[in-house]
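A short worksheet on the structure shown next.
Protein chains: 2
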Amino acid sequence: MITSPSNNRIKEARKLQRRRERYAQGQMLIEGVRLVRDAWQTGAALRHVFYAPEVLEAESALAELLDLLAAAGIELVPCSMSVFATLSETVTPQGIAAVAGLPRLHVPSPRTLTLLLDQVRDPGNAGTLLRSAAAAGVDLVVFGPETVDPFNEKVLRAGMGAHFRTPIRICEQWDEVLAWVDIHQPLYLAEAAGVVSYDEVDWSVAATLVVGGEASGASAWVRRQAVAITIPMQGETESLNAAVAGSVILFEAARQRRLLRKSVRHVGGALTG
Amino acid sequence: MITSPSNNRIKEARKLQRRRERYAQGQMLIEGVRLVRDAWQTGAALRHVFYAPEVLEAESALAELLDLLAAAGIELVPCSMSVFATLSETVTPQGIAAVAGLPRLHVPSPRTLTLLLDQVRDPGNAGTLLRSAAAAGVDLVVFGPETVDPFNEKVLRAGMGAHFRTPIRICEQWDEVLAWVDIHQPLYLAEAAGVVSYDEVDWSVAATLVVGGEASGASAWVRRQAVAITIPMQGETESLNAAVAGSVILFEAARQRRLLRKSVRHVGGALTG
């Protein structure tokens, strides 16, 4: 049982709260029952798991998860609540955290829908967009230059496990972005001042949607290349939350694709019936 | 120039950070250039405005707003940055805060779209939903029992001025909710486990959408009365962020209504053409 916050393994784990250290080690720190379970279920490499026995009795979900992990041969490291709290940024920690390899999921080919985050600095917005992207069937989320790190603790928390379900690529330079965003496909920028309504776009063809930061907007490169699309708004409202705007557009794309699949099935049925 | 944090007016203003005090006084504390400007432009009663002269030079938007307020005869109270910071919950305050009357906007009749927040406790989600509701043309947002207070500082910040554009009613009991939610109209609950897809609902008729809390879900009353509608999701994703789910549905309603208005105009044009 670790009772000292200066224990070596605790110190090493705490280092992963810094972006640079995550990439140097290829590892991250994930916290909470849900994230650790998602990581384990999707086959992410869990190095070891810290837990606070003090929380065990109150949390049956925690006990169940620890049983699963122990059965899978993953090393469980008990630590006192005060030591555990030094790993956690939440007010009421759930008593479980893990050191896990950074996920690098396979990117499908061909891709039909790509999301590019361009200067999205708010970790809650970035994580929420990732969560929506996973649900809307996005094939790849590109974190562009000057965007928050996807493996930041707050992005992980808002992502609710999407990090383990949707491929992510991080591009610190624009030439790296071009390796992942096909500029021969339509490129759309969500923008309050856009002229084309988001529901008039044909989302049945492969495309990339760009969401810019709430404060800074999108980069000059994107503003030159992309078609600005807007969500029509009532009254005096100037703009939407960036995560909401991106999500509304992604689910319109998903809706159009669902309708198309239905009509294809319907035609197919008629032809063979 | 106020330089003591125990100055009476500062102490009175700080009291408004508590919910009970807001309702006892019928006033709230709003902070930041955007919120104060929105309040003033929409005719909210501004009692007096605190500002930090130290911020003035760096912030031309602040200087412009102070000129407008001074010209309108609103009392401007300068205070030192350290005193101002005691009014503010933001890390880098914009140097302006105001004591304003609680807005109580007229509720249109008949209403076509009502949003009910049911046990939404996260202030960021509640404020974001209000911002989306204003943009999607919702006529009334009802804050139901066990929902965060709409005039909480964080809800105000996430609302980005929607508090001054969309009528809000707060109901601490379910019988009060019934005064604002017409149960003869369709009542829909956004729920991941719902059976009806949100885009198969006919949003051209008057209806109420209920969004429950992320942790607790909706209350038993709503679960009995409402039709559960869902946003189809890909892969293993279990749910969406509550503000995102509510917003996606509200903008689907707005989209259907926009299409309907267009087709009515089109038919009208054909008949008279």
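Protein chains in written order, with my numbering: chain A, 1 to 273; chain B, 274 to 546.
We put the beta carbon where it would ideally sit given N, CA and C, even for glycine.
Being a predicted model, the structure only gives us computed values, none of them experimental.
Residues of chain A with a Cβ closer than 7 Å to the Cβ of L513/B are, in chain order, R131, S132 and A135. By the Cβ-count criterion, T166/A is buried, with 16 or more other Cβ atoms from all chains shown falling within 10 Å of its own Cβ. Residues of chain A whose Cβ lies closer than 7 Å to the Cβ of R528/B are, in chain order, D199.
Excluding five sequence positions before and after I443/B, the CB atoms of its chain that fall closer than 7 Å to its own CB belong to F416 and P423, given in chain order. For the pair L335/B and L341/B, the CB atoms are not nearer than the 8 Å cut-off. In this chain, the alpha helix (DSSP H) harbouring D340/B covers S333 to A344. Interface annotation, P103/A: not in contact with chain B, CB-CB separation never under 8 Å. Taken through DSSP and simplified to helix, strand or coil, F151/A comes out as coil. Residue environment analysis places N281/B among the exposed positions, since fewer than 16 neighbouring C-beta atoms fall within 10 angstroms of its C-beta.
Nearest in C-alpha terms to L319/B, of all of E419/B, P278/B, A343/B and T363/B, is A343/B. Pairwise C-beta distances place the segment 305 to 322 of chain B in contact with the segment 364 to 371 of chain B, as three or more of them are shorter than 8 Å.
DSSP places Q298/B within a helical segment (H, G or I) once states are collapsed to three. A Cβ-Cβ separation of about 10 Å leaves S239/A out of contact with A190/A under the 8 Å criterion. Our two residues, R265/A and G432/B, have alpha carbons roughly 43 Å apart in a direct line. Per the C-alpha coordinates, the member of F323/B, T276/B, T420/B and T385/B positioned closest to S355/B is T276/B. Across the structure, P110/A and V181/A are spaced so that their CA atoms are roughly 12 Å apart.
Per DSSP, reduced to three states, the secondary structure at R384/B is coil, with no helix or strand assignment.
At least one CB of chain A lies nearer than 8 Å to the CB of Q507/B. Note on T92/A: under 16 other CB atoms within 10 angstroms of its CB, so exposed under the neighbour-count rule.
Residues of chain B whose Cβ lies closer than 7 Å to the Cβ of A243/A are, in chain order, V517. The beta-carbon distance between A516/B and L375/B, rounded to whole angstroms, is 23 Å. This is too long to meet the 8 Å contact definition. Segment contact: the segment 114 to 124 of chain A against the segment 200 to 217 of chain A, three or more CB-CB distances shorter than 8 Å; contact assigned. From the beta-carbon of R165/A, the residues of chain B found nearer than 8 Å are G508, E509 and T510. Below the 8 Å Cβ cutoff, chain A contributes G124 as neighbours of G397/B, in chain order. Shown here is that no member of the segment 352 to 368 of chain B has a Cβ falling below 9 Å from a Cβ of chain A.
Under DSSP, E304/B takes part in a beta bridge, and its partners are A370/B. Within the same chain, and ignoring the five residues on either side of F323/B in sequence, the residues whose Cβ sits closer than 6 Å to its Cβ are V350, C352 and A370. Burial check for A488/B: the Cβ neighbour count within 10 Å stays below 16, so the residue is exposed.
About 20 Å separates the beta carbon of W476/B from that of R404/B, a gap too long to meet the 8 Å contact definition. In terms of Cβ geometry, V306/B and L338/B form a close pair [threshold 8 Å]. Residue environment for M1/A: exposed (fewer than 16 other C-beta atoms within 10 angstroms of its C-beta). Bounds of the beta strand (DSSP E) holding R442/B are I441 to I443. As a beta-bridge residue in DSSP terms, E75/A pairs with H48/A. Look at V415/B here: in three-state DSSP terms it is strand.
Between the alpha carbons of I441/B and S6/A lies a gap of roughly 51 Å.
With a contact defined as Cβ atoms closer than 8 Å, P459/B and V500/B qualify at about 7 Å.
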